[in-house]
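All remarks here apply to the structure that follows.
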Ligand code: CO
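In this note's numbering, the protein residues as written are 17 to 226.
Structure representation (structure tokens):
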């Protein structure tokens, strides 16, 4: 039976490297974490949060799922969001999509993928809502790129529609929600400029605190 020895080997090398550069590194992290950011991204192995933004362990709190979706009945995501905002007091929540996303493609292509199609229904909702804009584009890749971006913007609004974000704003806590997209081709992030940092930016229907 394989024990994945190569991963333990790499782990020892990694820990040694960090310890050599800062002998107190692990002790400081063991005492507390103090991240300023919550990253909500895709599970895709090519989109690792810490590496992309050059942050060390302890500097970014991370939640990842297929196609970076925020659903108001997903207690896993909501629990992460609540802990990040209320306990860790992160200043920024960043929803990060990526071009070439398999989840977006699967939703767009209408194939039968089994159980995951229920999750991808959330992407289909985005696609259907924006069908006029998407169908106005001829190129298939460009259509999916747009769907990746629209999905991020939708999930940013879902973060803002939670009681968690709105309670934070009502308390006077500084909280900014961002939408970014990552390119697998050049490793660069793009800001989709759909930033929200106050309740006034949210439609009345979604405000939970008057
Ligand atoms: Co993806």
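Just so you know, even glycine gets a beta-carbon here, dropped at the ideal spot from N, CA and C. Note that the structure is predicted; figures quoted are calculated from it, not measured.
Span separating the alpha-carbon of residue i from that of residue j
{"i": "residue 106", "j": "residue 224", "result": "21 Å"}
{"i": "residue 160", "j": "residue 126", "result": "13 Å"}
{"i": "residue 46", "j": "residue 40", "result": "10 Å"}
{"i": "residue 61", "j": "residue 95", "result": "23 Å"}
{"i": "residue 220", "j": "residue 173", "result": "13 Å"}
{"i": "residue 44", "j": "residue 134", "result": "42 Å"}
{"i": "residue 177", "j": "residue 97", "result": "12 Å"}
{"i": "residue 25", "j": "residue 18", "result": "14 Å"}
{"i": "residue 156", "j": "residue 92", "result": "33 Å"}
{"i": "residue 68", "j": "residue 202", "result": "11 Å"}
{"i": "residue 189", "j": "residue 66", "result": "25 Å"}
{"i": "residue 154", "j": "residue 162", "result": "12 Å"}
{"i": "residue 75", "j": "residue 56", "result": "14 Å"}
{"i": "residue 104", "j": "residue 128", "result": "40 Å"}
{"i": "residue 79", "j": "residue 27", "result": "22 Å"}
{"i": "residue 205", "j": "residue 20", "result": "33 Å"}
{"i": "residue 186", "j": "residue 23", "result": "46 Å"}
{"i": "residue 38", "j": "residue 59", "result": "30 Å"}
{"i": "residue 164", "j": "residue 84", "result": "10 Å"}
{"i": "residue 222", "j": "residue 158", "result": "31 Å"}
{"i": "residue 182", "j": "residue 194", "result": "15 Å"}
{"i": "residue 3", "j": "residue 218", "result": "No statement about residue 3 is possible, as the shown extent of the chain runs from 17 to 226 and does not include it."}
{"i": "residue 207", "j": "residue 90", "result": "26 Å"}
Within 9 Å, strictly: CB atoms of residue i and residue j
{"i": "residue 210", "j": "residue 168", "result": "yes"}
{"i": "residue 166", "j": "residue 150", "result": "yes"}
{"i": "residue 212", "j": "residue 192", "result": "yes"}
{"i": "residue 200", "j": "residue 115", "result": "yes"}
{"i": "residue 148", "j": "residue 136", "result": "no"}
{"i": "residue 108", "j": "residue 54", "result": "yes"}
{"i": "residue 197", "j": "residue 130", "result": "no"}
{"i": "residue 48", "j": "residue 111", "result": "no"}
{"i": "residue 132", "j": "residue 86", "result": "no"}
{"i": "residue 72", "j": "residue 34", "result": "yes"}
{"i": "residue 101", "j": "residue 184", "result": "yes"}
{"i": "residue 119", "j": "residue 139", "result": "yes"}
Beta-bridge pairing of residue i - partner residues as DSSP gives them
{"i": "residue 142", "result": "Paired residues: none, contrary to the question."}
{"i": "residue 206", "result": "197"}
{"i": "residue 80", "result": "57"}
{"i": "residue 114", "result": "198"}
{"i": "residue 192", "result": "108"}
{"i": "residue 101", "result": "BP columns for residue 101 are empty, so no partner."}
{"i": "residue 212", "result": "193"}
Residue i CB to nearest heavy atom of the ligand NAD below 8 Å
{"i": "residue 214", "result": "In terms of ligand content, the structure shown lacks the ligand NAD and carries the ligand CO instead."}
Q) In chain order, which alpha helix (DSSP H) runs of at least 4 residues are fully inside the segment 44 to 68? A) 65 to 68
Q | Around the ligand CO, Cβ to any heavy atom closer than 6 Å, ordered along the chain | A | 58, 60, 83, 114, 117, 118, 119
Q: Kindly provide the ranges of any alpha helix (DSSP H) runs that are 4 or more residues long and lie completely inside the segment 130 to 188, ordered along the chain.
A: You should have 132 to 145, 147 to 151, 156 to 177, 179 to 187.
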